[in-house]
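In this note's numbering, the protein residues as written are 2 to 309.
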Amino acid sequence: MDDVIVLGAGVIGLTCAVRLLGSGARVRVVTADEPTRTVSRLAAAVWYPTHTEGDPRVLAWARRTYDELMAQAAAGVPGVAPRPTRMLLRGPAGTPWWSAAVPDFAAHPGEWRFTVPSVEMEPYLGWLADRVRQSGGTLTRGRVERLADLAGQAGTVVNATGLAARVLADDPAVFPARGQIVGVANPGLVTSIRDEDHPDGMTYVHPRSRDVVLGGTFQPGDWSETVDPPTTEAILRRCTGLVPELTGARPLWEAVGLRPARHGGPRVEPDPTPLPGGTRLVHSYGHGGAGVTLSWGCADEVVRLASF
2 MDDVIVLGAG VIGLTCAVRL LGSGARVRVV TADEPTRTVS RLAAAVWYPT HTEGDPRVLA
62 WARRTYDELM AQAAAGVPGV APRPTRMLLR GPAGTPWWSA AVPDFAAHPG EWRFTVPSVE
122 MEPYLGWLAD RVRQSGGTLT RGRVERLADL AGQAGTVVNA TGLAARVLAD DPAVFPARGQ
182 IVGVANPGLV TSIRDEDHPD GMTYVHPRSR DVVLGGTFQP GDWSETVDPP TTEAILRRCT
242 GLVPELTGAR PLWEAVGLRP ARHGGPRVEP DPTPLPGGTR LVHSYGHGGA GVTLSWGCAD
302 EVVRLASF
């Protein structure tokens, strides 16, 4: 019998598995989709706790993840790099709650400037999955209809199922926050730029090694995964207005992802009711658009809670 089954192989599930294996647990990851086919693969993944309330636990998770990702960037982990960032401000703004996690945060007239880790998700998810296997863990494909179906197969089950937790954990607080993004060729950009309060919609430009991720949308309750061409054109207009170097850029790709958001913030806690037979159940879901930003901090919390 395994010590822990981690249900879900997005960034939250895989980081939990890596940390649990590092603590000596025997771990099996059960996933309906290959890691590089989960919604995590679509994350623009520049560290930033978007649409996340700043309670002390969230700040601690964000800080721990910042430190871990910056260390990974220094170590040459695939897809991870430090990224200078500008956040444009359209009115008076105090110091953000998350600035305590970012050593070089600085407020300038009309903008904040800081350096944060950026992650290209497909190579990174592959690296995480390799770490699981190299550390003695296993990844198996399977679709679980009920958490109770895993009872007796491990001492602890970690529920990292994202949006599926709405049904599996019977949690109506979980909802999709639809995001549409566009990829264009990189004309030499290195700095991420955000304009969260753009009057025509949230706008961001996130350079990567071979392309630039342009966004975006945050549409709570929208379950559509179909690309909307007028939205693509609107994103291109907003981003070109923000960064003129993008003038004339045309899409290399377009994508839609459903962020696994949750009213009240992420749920990272043990379930008060064990599964049949006494199997412990620990939840880690509902991270919305901040999954990468909180991933390693939440994984450390899960290890503490699992008590395998």
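Positions of the beta carbon are idealized from the N, C-alpha and C atoms, including for glycine.
In this text the structure is predicted, and so the values were computed from the model without any measurement.
Whole-angstrom C-beta distance between residue j and residue i, which should lie under 8 angstroms
i      : j      : result
VAL293 : VAL28  : Incorrect: roughly 21 angstroms between the Cβ atoms, too far for contact.
ASP212 : ALA186 : 6 angstroms
THR232 : GLN181 : 5 angstroms
PRO36  : LEU126 : 4 angstroms
ARG84  : SER193 : 5 angstroms
ALA107 : THR96  : Between THR96 and ALA107 the Cβ distance is about 10 angstroms, and since that is not below 8 angstroms, they are no contact.
Neighbourhood of residue i by C-beta, 7 angstroms cutoff - its chain only, sequence neighbours within 5 removed
i      : result
CYS17  : VAL7, VAL159, ALA161, SER285, ALA300 and VAL303
LEU164 : VAL175, PRO177, LEU259 and PRO261
ASP105 : PHE115 and THR116
Proximity of residue i and residue j at Cβ, strictly below 7 angstroms
i      : j      : result
ALA102 : TYR67  : yes
PRO124 : GLY80  : yes
LEU148 : LEU169 : yes
VAL133 : ALA46  : no
THR86  : VAL59  : no
VAL183 : PRO252 : yes
GLY290 : HIS52  : yes
ALA63  : TRP99  : yes
THR204 : ARG239 : yes
VAL206 : LEU215 : yes
ARG91  : ASP198 : yes
GLU69  : TRP254 : no
GLY143 : VAL40  : no
PRO188 : GLU146 : no
PRO208 : VAL191 : yes
ALA307 : THR141 : no
GLY278 : GLY153 : yes
Cut-off 6 angstroms between Cβ atoms - residues of its own chain near residue i, not counting five sequence neighbours on either side
i      : result
PRO267 : GLY287 and HIS288
SER136 : LEU22
ASP223 : ARG179
LEU89  : GLU112 and ASP196
ARG38  : none
ALA256 : LEU43 and ILE182
GLY265 : ALA174
Chain-order list of residues whose beta-carbon lies under 8 angstroms from that of residue i (same chain, five-residue window excluded)
i      : result
ALA155 : MET2, ASP3, ASP4, VAL5, ILE6, ARG29 and THR280
PRO275 : ARG281 and LEU282
VAL78  : TYR125 and TRP128
Residue-level contact to chain B via CB, residue i, 7 angstroms cutoff
i      : result
HIS109 : Going by chain labels, chain B is absent from the structure shown, which holds only one protein chain.
Three-state secondary structure assigned by DSSP to residue i
i      : result
TRP62  : helix
ALA155 : strand
TRP224 : coil
TRP254 : strand
MET88  : strand
GLU123 : helix
THR139 : strand
PRO36  : helix
ALA108 : strand
GLU146 : coil
THR232 : helix
ALA262 : strand
THR204 : strand
Bounding residues of the beta strand (DSSP E) (the contiguous stretch that carries residue i)
i      : result
GLU112 : 112-120
VAL185 : 175-186
VAL214 : 212-216
LEU282 : 281-286
ARG268 : 268-271
ARG195 : 193-196
Start and end residues, alpha helix (DSSP H) containing residue i
i      : result
SER296 : 292-307
LEU164 : Premise fails: LEU164 is in no alpha helix (DSSP H) and is neither H nor E.
VAL19  : 12-23
Contact test: residue i Cβ vs the ligand FMN heavy atom, cutoff 6 angstroms
i      : result
ASP150 : Questions concerning the ligand FMN fall outside what the structure shown contains, since it holds no ligand whatsoever.
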